[in-house]
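Report on one structure; see the data block that follows.
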Amino acid sequence: MVNLLKNNLVAIAAILIVAFALLIFHAMLIPGNLLFSTDDPLGNIVQGKLHFPDAFLGFWFDTPFFGSGAKLTSLSWNSFWIYLLPAVVFKNWFHALNLVFASFFLVLFLRERGLGLPAQILGVLTAFWLGSNLTLVYASHYLKYSTMLLAACALWTIPRAIRRRSLAWSIITGSALGLMMLEQQDVAIFIGIFLGAFALFEFIRFEGLKPVPF
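Following our numbering, the numbering of the sequence shown begins with 1449 at its first residue and continues without gaps.
Dropping the structure here:
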């Protein structure tokens, strides 16, 4: 039994994360409930869904709609999911989904550094499930949640891109960082400073201070 648990720590961590997310957002499981937040009225999400294809042409619309106007539809992580998911599902669960997947990437990152399940869970709770990450649900600010997910993804993929000298992992890392900057730039730029420093640290640690042949 002990060996079974040790061999499935990632799955156990994933189950715990999902269970905690359902506990926090359990009210959204009740039929007819809609998450109330101030910055993303349901009509605004529907409008974004309708205009997403126009983002390929840089579409701009300036018609007030349920208190929101002068919007720019851009190709980004959140606009893709606005287009893909039903509006009510996006409204109720987008915050939780971003936090769940960000937590999972952090678990993978901490696991590869030899930390056990208690340390992984403590890190996840501290990074994503305390403080403004929950209090900002009321204000919506769902772009911050997308930013946190993409940052956690990049944190996990940066060492893989460096150590394996892998084009595929480099593309994934660059895509995560680029999409992060399209979400909420003020948050992303501060996170990017630390991710850049981490990438430099990993490169020096793995390659040393010597020229790298290309």
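Beta carbons are placed, not taken as given, at the ideal position from N, Cα and C, and that holds for glycine.
- Across the structure, His1474 and Ile1569 are spaced so that their CA atoms are roughly 20 Å apart.
- At a Cβ-Cβ threshold of 8 Å, Ala1535 and Leu1490 count as neighbours.
- Scanning its chain for C-beta atoms nearer than 8 Å, with the 5 sequence neighbours on each side dropped, one finds around Asp1488 the residues Lys1539, Ser1588, Tyr1590, in chain order.
- For Ala1636, the secondary structure class from DSSP, reduced to helix, strand or coil, is helix.
- Looking at the backbone, the Cα of Ile1478 and that of Val1537 are separated by about 12 Å.
- Here DSSP, grouped into helix, strand and coil, assigns Ser1485 to coil.
- When the alpha-carbon of Ile1639 is set against those of Arg1608, Leu1558, Thr1595, Ser1614, the nearest one is in Thr1595.
- Counting the other Cβ atoms within 10 Å of the Cβ of Ser1580 gives fewer than 16, which makes it exposed.
- Restricting attention to Leu1584, Phe1553, Gly1496, Val1458, the CA atom closest to the CA of Leu1483 is found in Leu1584.
- Counting only runs of 3+ residues, no beta strand (DSSP E) is found wholly inside the region 1578-1618.
- Ranking Tyr1531, Leu1523, Ser1485 by CA distance to the CA of Gln1495 puts Tyr1531 first.
- A buried status is given to Thr1621, since no fewer than 16 other beta-carbon atoms sit within 10 Å of its beta-carbon.
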